[in-house]
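Numbering (the numbering used here), first residue to last: 3 to 370. Glycine included, C-beta positions come from ideal geometry on N, C-alpha and C. I have placed the structure first, in the form of structure tokens, so that the comments after it can refer back to it.
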Ligand code: ATP
Ligand code: FE
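Following this line, the structure appears as structure tokens:
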């Protein structure tokens, strides 16, 4: 079995061919990060245009590197939810043309499901396992019971941690920092934090009293904004200049973010164990998404997993962020399970918003 996976839900145009055993035969990606960094965020019509300009080439490249012709494919899998409407539309209409031309089954993919299942391509992980997805657009904790069987334990009530880190990095003008100008906001914060002292600032972690596994980052972001404004006044610096305390702020932000994420994850592990939803002795916590590449946050999660007899697993960084491999692999998983394979694509639509699995947030709260 061979599946071509296509991803365009946000700002990466990606494609890959993966076989039944998880071998990546070929992959290609075009990232729009640099363009969006310059405009200070993603402008959907710009993202759409860039997807349009690159999708043909990227899919072609993935196929030719893998030496697979479209006629040899078992199916075509494409992200159709959730994501930016204009971006999703490009991937979907391109895929439907291919499906039509080569008469292939189509497998619609949920982007977050794909992130969650990626670990099964790189490691031998059986269901059920717990997954923490932390990126620029998403923040959730879910129990993965099967290929398409998820319990949503918690999610961000406002923005995602990567989004918050990006905003703080922008506020700190890290794009003008000689060492971080080409890095994403989160990466720039991690880099700068190494040179700072987190104890110079004290940001209170969000939702300390909430008896659930939800997250929140806007409150924290506002506190940080205020602090930066105050420091700018004190130091008398102009817009675009970098505060002398930027590294200390970065270290404190990173620390508070790590504490918050670790605490919510701890609650989720305890809930699952209490309900026998996870193995008592060898439960697995998978952490993925762009923010999962942050080593400080990982360390905080390691403390939690060590204390709860869990194993912490992260896909390699290139598979933590958006990519085509995870979409193709999700296609393989669905083919093997016989789930959601379409032979007729009539009426198929993309869905910008789509929760993952059954939301049991209330139950989690009651159990506390
Ligand atoms: P989606 O949410 O759909 O996956 P996305 O493009 O935001 O979309 P990713 O590509 O997985 O998701 O991750 C990008 C995010 O990860 C950005 O917000 C970026 O700042 C953050 N990030 C990247 N590297 C790091 C790091 N080392 N530490 C913290 N955050 C990071
Ligand atoms: Fe993603």
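Residue 156 vs residue 199 beta-carbon contact at 9 Å = Taking the chain shown and counting its residues from 1, the one referred to as residue 156 is at position 154. Taking the chain shown and counting its residues from 1, the one referred to as residue 199 is at position 197. In terms of Cβ geometry, residue 156 and residue 199 do not form a close pair [threshold 9 Å].
From 293, 67, 61, pick the residue whose C-alpha is nearest to that of residue 185; which is it?
-> One-based indexing of the chain shown puts residue 185 at position 183. Comparing Cα positions, the closest option is 293.
C-beta atoms of residue 242 and residue 183 nearer than 9 Å | As a working mapping, residue 242 is identified with position 240 in the chain shown. As a working mapping, residue 183 is identified with position 181 in the chain shown. Cβ distance not < 9 Å, so residue 242 and residue 183 don't count as in contact.
Counted within 10 angstroms of its Cβ, other Cβ atoms place residue 38 as buried (16 or more) or exposed | Looking up residue 38 in the chain shown gives position 36. Counting Cβ neighbours within 10 Å, residue 38 comes out buried, since at least 16 surround it.
Of the residues 172, 208, 189, 281, which one's Cα is nearest the Cα of residue 231?
-> Your numbering for residue 231 matches position 229 in the chain shown. Restricting attention to 172, 208, 189, 281, the CA atom closest to the CA of residue 231 is found in 172.
Cut-off 6 Å between Cβ atoms - residues of its own chain near residue 56, not counting five sequence neighbours on either side | The sequence position of residue 56 within the chain shown is 54, counting from 1. Within the same chain, residue 56 has close Cβ partners 15, 32.
Determine contact between the region 232-252 and the region 337-356, defined as no fewer than three beta-carbon pairs at a distance below 8 Å.
-> When Cβ pairs closer than 8 Å are counted between the two stretches, the region 232-252 is seen not to touch the region 337-356, the count staying below three.
With DSSP collapsed to three states, give me the class of residue 273.
-> To locate residue 273, count along the chain shown from 1; it is residue 271. Looking at residue 273 - three-state DSSP - the assignment turns out to be helix.
Contacting residues, own chain, Cβ-Cβ under 7 Å from residue 101 (five flanking each side not counted) | In the chain shown, the residue the question calls residue 101 occupies position 99. Cβ neighbours of residue 101 beyond the five flanking positions: 78, 108, 347.
Whole-angstrom distance between residue 218 and residue 266, CA atom to CA atom = For the purposes of this step, residue 266 is taken as residue 264 along the chain shown, with counting starting at 1. For the purposes of this step, residue 218 is taken as residue 216 along the chain shown, with counting starting at 1. Cα-Cα distance, rounded: 10 Å.
Assuming residue 127 contacts residue 286 under a Cβ cut-off of 8 Å, what Cβ separation, rounded to an integer in Å, is found between them?
-> In the chain shown, the residue the question calls residue 127 occupies position 125. In the chain shown, the residue the question calls residue 286 occupies position 284. Taking 8 Å as the upper bound for CB-CB distance, residue 127 and residue 286 are in contact here, some 6 Å apart.
Does the Cβ of residue 47 have 16 or more other Cβ atoms within 10 Å, making it buried, or fewer, making it exposed?
-> Along the chain shown, one-based indexing puts residue 47 at 45. It is exposed - the Cβ of residue 47 has fewer than 16 other Cβ atoms within 10 Å.
For residue 191, verify whether its CB is less than 8 Å away from any heavy atom of the ligand ATP.
-> Along the chain shown, read from residue 1 onward, the residue named residue 191 stands at position 189. Because some heavy atom of the ligand ATP lies under 8 Å away, the Cβ of residue 191 counts as near it: yes.
Would you mind sorting residue 204 into buried or exposed? The rule is 16 or more other CB atoms within 10 Å of its CB.
-> Numbered from its first residue, the chain shown carries residue 204 at position 202. Classified as exposed, residue 204 has fewer than 16 neighbouring CB atoms from the shown chains inside 10 Å of its CB.
Can you grab the Cα-Cα spacing for the pair residue 22 / residue 74, in whole Å?
-> What you label residue 22 is simply residue 20 of the chain shown in a count that begins at 1. What you label residue 74 is simply residue 72 of the chain shown in a count that begins at 1. Just so you know, the alpha carbons of residue 22 and residue 74 end up roughly 13 Å apart.
In this structure, does DSSP put residue 147 in helix, strand or coil?
-> Residue mapping note: residue 147 aligns to position 145 of the chain shown, counting from 1. DSSP, reduced to helix, strand and coil, places residue 147 within a strand of the structure shown.
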